[in-house]
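Chains as they are written, first to last, in the working numbering: chain A, 1 to 386; chain B, 1001 to 1386; chain C, 2001 to 2386; chain D, 3001 to 3386. Note that beta-carbon positions come from the ideal geometry of N, C-alpha and C, so glycine has one too.
4 protein chains.
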Amino acid sequence: MNVPQRNDRLRRTYGFDEISLSPNGQTLDPSLCDVKTNLGKYQLTTPIIASAMDSVVSPSSISQLADEGVLGVLNLQGLWTRYEDVESRLEDIQLAGDESFVGLMQKLYAAPVQTDLVAKRIEKIKKNNKLVAVSSVPQEVEGLEPIIAEAGANFLFVQSTVTSIKHTGVFPSLDLNKLCKTSKLTIIAGNCSSYKIALELMETGIAGLLVGIGPGAACTSRGVLGVGVPMATAIMDCAEARDEFERQTGKRICVIGDGGIVISGDICKAIACGADAVMIGSPLAKAKNAPGRGYHWGMATPSPVLPRGTRIKVGSVGTYQQIINGPAAFDNGCHNLIGALKTSMGTMGAKNIVEMQKAEIIIAPTILTEGKVYQQSQRLGMGSVK
Amino acid sequence: MNVPQRNDRLRRTYGFDEISLSPNGQTLDPSLCDVKTNLGKYQLTTPIIASAMDSVVSPSSISQLADEGVLGVLNLQGLWTRYEDVESRLEDIQLAGDESFVGLMQKLYAAPVQTDLVAKRIEKIKKNNKLVAVSSVPQEVEGLEPIIAEAGANFLFVQSTVTSIKHTGVFPSLDLNKLCKTSKLTIIAGNCSSYKIALELMETGIAGLLVGIGPGAACTSRGVLGVGVPMATAIMDCAEARDEFERQTGKRICVIGDGGIVISGDICKAIACGADAVMIGSPLAKAKNAPGRGYHWGMATPSPVLPRGTRIKVGSVGTYQQIINGPAAFDNGCHNLIGALKTSMGTMGAKNIVEMQKAEIIIAPTILTEGKVYQQSQRLGMGSVK
Amino acid sequence: MNVPQRNDRLRRTYGFDEISLSPNGQTLDPSLCDVKTNLGKYQLTTPIIASAMDSVVSPSSISQLADEGVLGVLNLQGLWTRYEDVESRLEDIQLAGDESFVGLMQKLYAAPVQTDLVAKRIEKIKKNNKLVAVSSVPQEVEGLEPIIAEAGANFLFVQSTVTSIKHTGVFPSLDLNKLCKTSKLTIIAGNCSSYKIALELMETGIAGLLVGIGPGAACTSRGVLGVGVPMATAIMDCAEARDEFERQTGKRICVIGDGGIVISGDICKAIACGADAVMIGSPLAKAKNAPGRGYHWGMATPSPVLPRGTRIKVGSVGTYQQIINGPAAFDNGCHNLIGALKTSMGTMGAKNIVEMQKAEIIIAPTILTEGKVYQQSQRLGMGSVK
Amino acid sequence: MNVPQRNDRLRRTYGFDEISLSPNGQTLDPSLCDVKTNLGKYQLTTPIIASAMDSVVSPSSISQLADEGVLGVLNLQGLWTRYEDVESRLEDIQLAGDESFVGLMQKLYAAPVQTDLVAKRIEKIKKNNKLVAVSSVPQEVEGLEPIIAEAGANFLFVQSTVTSIKHTGVFPSLDLNKLCKTSKLTIIAGNCSSYKIALELMETGIAGLLVGIGPGAACTSRGVLGVGVPMATAIMDCAEARDEFERQTGKRICVIGDGGIVISGDICKAIACGADAVMIGSPLAKAKNAPGRGYHWGMATPSPVLPRGTRIKVGSVGTYQQIINGPAAFDNGCHNLIGALKTSMGTMGAKNIVEMQKAEIIIAPTILTEGKVYQQSQRLGMGSVK
């Protein structure tokens, strides 16, 4: 009798909490570590990009982020292009109860995107910043791209939960190839999580690839859709595609790990897995003057028929400077993200991002290897023990 | 010295929480996804079947479920065939304390099944619905089948915890072969969880196979009997048997994943594992006007000598429409089960159920890959973070 | 450079919570399942033996256990041979605070064993029971054996945490070979957990082998000593040794799974792993009139220099009859242990203990496969969900 | 299409909580087990070394530790070389709130190390003890070594989070080869966690190697930097390097497991993994008169820019004698560490440390194999169940 085998052929994948970096060579002073990275023709001061989420990026916070070397991306389907007055809506979200939150989100995001507000927001950002980055869902890109380019933006993130180049839709879908050829904007697209799709997307001419399906702190795709790929594996696979694409074409695409990054150690791991940059939401939503006012929510939440983000109370842990460049006043990985990355790179002997991508990774599930310590810490009423 | 090896030959099996779907091809608008499925000669609007449990299906709820495309199955060994007045008993169960619950169940289900009530209930359902489905334990089938058929039912679910075609009993056991040949009813049988038994059961002539031993939310078989097979593996194995049977005979049996389905993502996973339909209990017991009145209990609970179900307080999360077809007002997978399935199918590029059965599955244990996020969310007092 | 490999050669072992039984053949009415087992020349009504622990077995409880088919073993280094009046000491233990418990135990068990009490206790038990079983640590066996035999006992359990036949001690150690040859008592020895030691112990002439190191509910060996072998693997390995010994000699030794058995499903699993019988403590300490009065403690606890048992509040869940033979009033595996075993055997198509030892076992870690359900149940405030 | 494989090539590593010792041979009376070990030309009474942390070792506690056979190491970058009056600073730390703790640490440790205090502390210790051990970070060693040697110390621990022999720094880095050749002190260096680095460090001429990156109870490296290697694997790998080095040179280096040791069972496991000694912090910080006054904190905590230790309230569980040599009054592995080690060695049939290093190790994750028991214990409100 034939024994079925599908069960035995399934591939084991890994999340950040299941891996760790293993120092196994020379070391380096953190001050000698270079964290610059490239996104298309631009060089970014740090590999940190702020997520295109209303709780993370507003026109005014973009300057504060830029001061710390972080590129903030404004969501063009967010509140800032639907309302003239956004602050009062952010306050409503802050004050909403858990029961009424999803309904409120569905109502707030039902207002139409106003193209004049799109231009206005971008121009405002341009006035105060050298680089302007915005995001849009694929189905709105064709209409918005001329306005975005005209208003002076540099980067356009074409972002949906899962992106493929062979989408079958009711309406004709976005032609990424054409967009990359004709637009003067630097195009970043995603999200994806596999080698094959990563390679297909890179062939369209994009400058950056967003990697990450389902792992975000404010994302419930895995519960609602059953869909999601643990981040360590997703980044490793897409980084292999980038390397293969570079071998074939000589062109290096920026792989951006997007989602599931909670503390500084996760940034270090993402880059060791092969990311050239990371896109983070919740760590920045914890800033004292973040737009989310102590809350963080997913951009799929407002879906009128199938909301699948959630709202998280993240509180406030310090200024953008403390969070991004320190000095740290907390010991739990929420402060001095760049300092932690440099120290980790020094520990792993990596002079720059590309060298860090070759760090030795081991499988070491936190919950298994630290179980007793964790339990003990809980018993003793400790804060955080890693 | 010979080293023993049984330990090393054990097969690793997987539950829903250990797998995830990995998008790796084209995508599709959810509105283009077709969720219809076949059960014998009938086509079902959706692949969702409501469990034959007293907390989930009553004669009147069957119409409400049918309005949403869900086939409700009435348990013929439940309260509705033992009592003329069932509502007062459901109220007793609702009001029972945790200590007295099992005793009450044992008493309530000790009343004999009345064959006139069997006919009466079926006729009532038939009056309001096109399709009537009922279930019975194997040992009562021979006596009840003529009454069931006469009363106008379409489907007979022959269901016990573990079914085999070679049962040795004190009394002669049900001849499934004969039943399938002689009955005009569409016969569905189970439960089973292995390739071999699935194949043997399919050869009897059944139209549908119930797959799932021990995983249900209200089932304690694994604790009491040590018996149970994680759902992802069980469905994958039985789906392979279905495919093999179809290769041999040209006949396609409907594999129904039954048990352990808690949120919409589980339905998506069950179908990706190979199920043609799912039978769900607790997600529907959460409907505002579900028979269980905010509670859900297993049908093995009333056993006079070895109760092994339990009662769960599931509360009420919305109407049947919200739960099954949305729009969703919650973001945790309890609303819009069909919308979530279609969105998941679109994400995986599956036009229909058969294509969804080929989706790429990965091993990604929730508790390991999301450990820190989960802990963090708990610390921050969040609701649900997936 | 040579890469070290010890890490990669380590063997993965399994506990009860990591395995499950997978029905994969015919089924059987539970009433047709025979649970009798053999221990030396004696046949036991059920495969359940009550642990030689003061919280589980007293001279008077032995009769009550025997009425239910369970063989109770009196610990000859327990309170009953140290004190004339034991009940007041049991009350002291019951009333001790968590802080003072270990000190009290050390004091209570510092009193010397009185050989006249040994004889007296055995004679008392003999008066009311057909079979008398007692236990002793190896170093006391030589002195006590004549008294035990003279007083009319049938079984002598020679039991220590870890037993080998090549012990190097300050004083000459027990010669098991000689004991088995010269004593008219049926000798059971242990504990052990490996194929090699099991085989060596069987060659001494023992009738039964106790298998289990470190897994007991009241045992802290794993934390204190770092020593312990998960039960499923330990039983599987020793059962292979038993089969090998039977092939070589034609003699079948009774393998007794001892420790880590908490609910009825664990008994089913232990036997499926290859055990001929199980020795259980905590499930019986929960009886209304168990000697422990709602508490359970390990027999290594009183060690004057290195206590490594603990005291557990187990409460009271019912009578010996409810716990052992039902009918069950709870659905969580604490009632009707034998009924559950028979139902499990019927489910697995096993007519007797030897057939049950061939049941299909799968790896299915409870915490991984049932994670979400468990979390959900916690959120909903449920009691126990399996 | 090439399938990426980095994910599949990752190495699985293990922490103490994932392994267990499996008795599989002869046994031995604990009183016959010899726990002495060698560190360079010195023989240590026990394999326990107290961590160079201000919460664990002070000049006066060194004598108390020595009375119990434990070598205490004074941290020369700790409070004792920065302040004349240390006790008032320890009190400040004790009284600090969770919010202000990191800031206080940063301030306290900003004071400069005074070389006259270095000499004074060592001389004071020398007066009362035969052996004096101190530690320093690599960058301060060159300046301090003459003072340390002159003051009469025996051991110098050159210790940083991650040590390599090929460090690239802003300033010239320590030449370990030269230090080992020219200093009359016995040099111990670390920390490291891999076979390759261990071998390179041994070739410099050190007498002892500190093994352990990231696992300590008061260390948050894994969360902040993403860096850390589970202890069981780290020790196994470095012990293989030691054996290889001994084969090549005939010289045996002392491998010291440093970090992640919480209870006595962990010491037994560390040695079974191949350690010749262990360095422990939190178990000794629990002593009634430990310098930390009921608290324990990491020495990386005071970092002005990236603190990555934490403060843990460990409370007080007994005297140094109870903790190290017993007798134990608790059953959870916090008392009688040496008694537990000897008993474990007896159980494993190991006459000395070198034999214990060959004990059979199995993979048996605590959280998986004991899940149900643990949950049950929690439900029942038990203290600790192992």
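In chain C, what lies closer than 8 angstroms to residue i by C-beta?
i	result
K3269/D	G2226
By the criterion of Cβ-Cβ separation under 8 angstroms, what are the contact partners of residue i in chain A?
i	result
Y1014/B	N7 and L10
P3138/D	Within 8 angstroms Cβ-Cβ: nothing; P3138/D doesn't reach chain A, min ~10 angstroms.
Taking 6 angstroms as the limit between beta carbons, can you name the residues of its chain near residue i, skipping five residues before and five after?
i	result
G2315/C	G2294
E2360/C	S2022 and N2024
L3117/D	T3081
G3078/D	D3054
C1238/B	A1198, V1211 and V1255
M3382/D	Bear in mind that a pLDDT of 28 at M3382/D, under 50, signals an unreliable position, so the number given afterwards is only what the model happens to contain. Answer for M3382/D: no residue qualifies.
G1274/B	I1235, M1236, A1239 and Q1357
L1032/B	none
Q1375/B	At Q1375/B the pLDDT is 38, less than 50, meaning the model places this residue with poor confidence and gives no usable figure here.
G339/A	G326
For residue i, which residues from the same chain have a beta carbon less than 7 angstroms from its beta carbon, with the 5 sequence-adjacent residues on both sides left out?
i	result
A3207/D	L3039, G3040, T3186, I3187, I3188, I3253 and C3254
R2379/C	With a pLDDT of 31 at R2379/C, under the threshold of 50, the modelled position of that residue is not reliable, and the figure given next carries that caveat. Around R2379/C: no qualifying Cβ.
M1356/B	I1271, A1272, M1345, M1348 and A1350
Among the residues of its own chain, which have a CB less than 8 angstroms from the CB of residue i, if the five just before and after it don't count?
i	result
L2010/C	none
E18/A	P230, A232, I363, A364, P365 and T366
L2044/C	K2036, T2037, N2038, G2069, L2071 and A2277
E2150/C	A2119
N3154/D	Y3042, L3131, V3132, A3133, L3185 and T3186
If the criterion is Cβ atoms closer than 8 angstroms, does the pair residue i and residue j meet it?
i	j	result
V262/A	K286/A	no
L2201/C	I2256/C	no
I353/A	I235/A	no
V2073/C	I2048/C	no
I52/A	N129/A	Before going on, a small fix: residue 52/A reads as Ala here, not Ile. For A52/A and N129/A, no; Cβs fall outside 8 angstroms.
A3328/D	L2225/C	no
L1341/B	I1323/B	no
R1121/B	L1108/B	no
List, in order along the chain, the chain A residues whose C-beta lies closer than 7 angstroms to that of residue i?
i	result
V3305/D	G326, P327, A328, N336 and G339
I3197/D	N24
Identify the contact partners of residue i in chain D, using a Cβ-Cβ distance below 7 angstroms as the criterion.
i	result
I2213/C	P3023
Find the residues of chain C that neighbour residue i, judging by a C-beta separation of less than 7 angstroms, and give them in chain order.
i	result
I3256/D	None at all; the shortest Cβ gap to chain C is about 18 angstroms.
State the CB to CB distance for the pair residue i and residue j, rounded to an integer number of angstroms; the pair is presumed to be in contact (CB under 8 angstroms).
i	j	result
Y320/A	Q94/A	With 8 angstroms as the limit, Y320/A and Q94/A do not qualify as a contact, their Cβ atoms being about 19 angstroms apart.
L174/A	E142/A	6 angstroms
Q2106/C	P2291/C	Contact flag wrong, Cβ pair sits at about 20 angstroms.
L76/A	S136/A	5 angstroms
Could you tell me which chain A residues have their CB closer than 9 angstroms to the CB of residue i, listed as they occur along the chain?
i	result
D1034/B	Chain A residues near D1034/B: none, gap ~13 angstroms exceeds 9 angstroms.
Residue i touches chain B at which residues, Cβ-Cβ below 9 angstroms?
i	result
G318/A	The contacting residues do not exist; G318/A stays about 16 angstroms from chain B at best.
Where the stretch 1148 to 1160 of chain B meets chain A: residues whose CB sits under 7 angstroms from a CB there:
none
So if I threshold CB-CB distances at 9 angstroms, which residues from the stretch 346 to 367 of chain A count as touching chain B?
If you check each beta-carbon in the stretch 346 to 367 of chain A against every beta-carbon of chain B, the ones closer than 9 angstroms belong to P365, T366 and I367.
Which residues, in order along the stretch 2226 to 2242 of chain C, keep a beta-carbon less than 9 angstroms from a beta-carbon of chain B?
A2232, T2233, M2236, D2237, C2238, A2239, E2240 and A2241
Going along the stretch 3276 to 3287 of chain D in order, which residues come within less than 8 angstroms of chain A, judged by CB to CB distance?
none
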